[in-house]
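**Q**
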DNA sequence: CAGCGACATTCCAACAGTGACATGTCGAAG
DNA sequence: CTTCGACATGTCACTGTTGGAATGTCGCTG
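Chains as they are written, first to last, in our numbering: chain A, 243 to 446; chain B, 243 to 446.
1) Please list, in chain order, all residues of the same chain as residue 344/B whose beta carbon is under 8 Å from its beta carbon, the five residues on each side excluded.
2) Would you list, in sequence order, the uninterrupted alpha helix (DSSP H) runs of no fewer than 4 residues that lie entirely inside the region 253–307 of chain B?
3) Just how far apart, CA to CA, sit residue 402/A and residue 304/B?
4) Short check: CB of residue 245/B to CB of residue 317/B, under 8 Å?
5) Going by C-alpha to C-alpha distance, which of 290/A, 348/A, 268/A sits closest to residue 414/A?
6) Residue 417/B to residue 323/A, Cα distance in whole Å?
7) For the structure I just gave you, are there three or more beta carbon pairs, one from the region 351–370 of chain A and one from the region 350–369 of chain B, closer than 8 Å?
8) With distance defined between alpha-carbon atoms, name the residue in 264/A, 259/A, 338/A, 310/A nearest to residue 274/B.
9) What does residue 399/A reach in chain B if we use C-beta pairs closer than 7 Å?
10) Quick check: residue 259/A and residue 307/A, are their CB atoms within less than 8 Å of each other?
11) State buried or exposed for residue 321/A, treating a residue as buried only when at least 16 other CB atoms are found within 10 Å of its CB.
12) Is the beta carbon of residue 351/A within less than 7 Å of some heavy atom of the ligand FAD?
13) Note down the Cα distance separating residue 386/A from residue 292/A, rounded to an integer number of angstroms.
14) If you draw a straight line from the alpha carbon of residue 288/A to that of residue 328/A, how long is it in whole angstroms?
15) For residue 381/B, which residues in chain A fall below 7 Å Cβ to Cβ?
16) Along the chain, where does the alpha helix (DSSP H) that runs through residue 320/B open and close?
17) Starting from the C-beta of residue 311/B, find all residues in its chain whose C-beta is less than 8 Å away, skip the five residues before and the five after it, and write them out in chain order.
18) With the cut-off set at 8 Å, would you say residue 248/B and residue 277/B are in Cβ contact?
19) Using a Cβ-Cβ cutoff of less than 7 Å, which residues in the same chain neighbour residue 351/B once the five nearest sequence positions on both sides are dropped?
20) Just the C-alpha distance for residue 440/B and residue 428/B, rounded to the nearest angstrom, thanks.
21) Mapping DSSP to helix, strand and coil, what is residue 444/B?
22) Between the Cα of residue 314/B and those of 397/B, 290/B, 396/B, 368/B, spot the shortest distance and give me the residue it belongs to.
23) Which residues, taken in chain order from the region 277–288 of chain B, show a beta carbon closer than 8 Å to some beta carbon of chain A?
24) For residue 261/B and residue 382/B, what's the separation of their Cα atoms in angstroms?
25) Say whether chain B places a C-beta atom closer than 8 Å to the C-beta of residue 314/A.
26) Return the chain-ordered list of same chain residues with a C-beta closer than 7 Å to the C-beta of residue 390/B, the five sequence neighbours on each side being excluded.
27) Does residue 370/A have its Cβ less than 8 Å from a Cβ in chain B?
28) Compute the Euclidean distance between the alpha carbons of residue 268/B and residue 253/B, then round it to the nearest angstrom.
29) Quick check on this structure: which residue in 335/A, 331/A, 365/A has the alpha carbon closest to the alpha carbon of residue 388/B?
30) Around the Cβ of residue 404/A, are there at least 16 other Cβ atoms within 10 angstroms (buried) or fewer (exposed)?
31) Taking any Cβ of chain B, which residues in the region 318–337 of chain A have a Cβ under 7 Å from it, in chain order?
32) Tell whether a beta-carbon distance below 8 Å holds between residue 331/A and residue 333/B.
33) With respect to the alpha helix (DSSP H) encompassing residue 388/A, which residues constitute its N-terminal and C-terminal limits?
34) Considering only their Cβ atoms, is the gap separating residue 365/A from residue 342/A smaller than 8 Å?
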């Protein structure tokens, strides 16, 4: 239900049309709360009916400029201060980790290293934004920087984790292989039914 | 569309009924990919129709035990290795950060420190899981630990960030206040219309 | 053997999100 | 003055997600 609050939040900074809002969503909120046209226009109508925003001006091409109302501001403040940030987040990339066991260690490693690269790329793009922006002490600037810093730190953590995880797969494989070798040795049957340290070729 | 793959993934480890799957979802995947009964049972029917799973046994109380088919395993492997982890994630807590500017710095700080506490609590609960689990070199164990480590690292990063952000709000406020004071001084009008360093009382 | 709690499935209404399509207007560049 | 791109809104069908309700069965405990 937070699309509503995203729209209210954007309108709290300045009045805007649906079209303007779409640009704002794509510019600054894409990575945090993406929205489509249909959603934004639909939400604006609902918000108008609910009295949380109002049409503040009509422009050319049927442009309707919306402004937040007092009720809208109250609702926004209420959401910020009293509603607990919502629960469970779906995390596609992490879900896969649970099932990497059905792949060969080599494939799993590849997946994790790809994740590391993607995190690194994300980090770079945040860094670029950071460096190409002039930060002052205005509210918007302060909180924009704080949000960006979150992206920077998270992507760095993700990259480190993915690299660590890739190594972990390798070393776990090695540990298990040597364990099996020892077990075979102790059982006095050096006969092998597989490969001790290399990946299975028939499983790709 | 990854609910499908979550179900396939769980079934790849062992056959299970819808009821069993619900327990597994709540036990291990809640924080990564939550699902409701209706979704799981619905998905099982769709997957059966699509031939990716099949009913492997009938039990008491109309229990239907599902097992993954060869096609299902192929699909799962395909998803793991070739489908790019899906796009944009919604992040309620971070969305709010963008709009903290409409609150007083004190309220914003409170919000951020609450986030820090929540991250710390999450970290603790992950830690407990970590310490109360026996990790061996089995696949499931290795990847389970990797996923858990992700949670540990992320929650730690989040806590640090939130604490840093709370301080940032305070120091930005101070910087801005002193800036304003200097501006007033240089304009030769030490007359004040507000408070230089404390929060506005009428804005709560 | 009565009854309760865990097991087990199915259906439904409502809302949220996706992506494409339809429609039309204005302003500037050629 | 034409035409093209940016501006601007709206609608539709489909899928995914939520939460609840209805229904019934088995197995253990008293």
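Ideal Cβ placement from N, Cα and C applies to all residues, glycine included. Here the structure is a predicted model, which is why all the values come from computation and not from measurement.
**A** Straight from the coordinates:
1) none
2) 260–266, 279–292
3) Using only the alpha carbons, I get a separation of about 48 Å.
4) No, they are not a contact pair.
5) 348/A
6) 25 Å
7) no
8) The option with the nearest alpha carbon to residue 274/B is 338/A.
9) 395, 396, 399
10) yes
11) buried
12) Absent from the structure shown: the ligand FAD. Ligands present: none.
13) 29 Å
14) 21 Å
15) Neighbourhood of residue 381/B in chain A, by CB distance below 7 Å: 343, in chain order.
16) 312–324
17) 293, 294, 295, 296, listed in sequence order.
18) The criterion of a C-beta distance shorter than 8 Å is satisfied by residue 248/B and residue 277/B.
19) 408, 411, 412
20) Legend: pLDDT at residue 440/B = 47, less than 50; position of this residue unreliable, value from coordinates given subsequently. Taking the straight line from one Cα to the other gives about 22 Å.
21) At residue 444/B, the pLDDT of 44 sits below 50, so the modelled position is not reliable and the matter cannot be decided from this model.
22) 290/B
23) none
24) Straight through space, the alpha carbons of residue 382/B and residue 261/B are spaced by roughly 21 Å.
25) no
26) 368, 371, 372
27) With a threshold of 8 Å between beta carbons, residue 370/A makes no contact with chain B.
28) 15 Å
29) 335/A
30) The C-beta of residue 404/A has 16 or more other C-beta atoms within 10 Å across all chains shown, which makes the residue buried.
31) Cβ contacts with chain B: 318, 319, 322, 323, 327, 328, 330, 331, 332, 333, 334, 335, 336, 337.
32) Yes, the pair counts as a contact, with Cβ atoms nearer than the cut-off.
33) It spans 381–428 - the alpha helix (DSSP H) in which residue 388/A sits, taken as one unbroken run.
34) no
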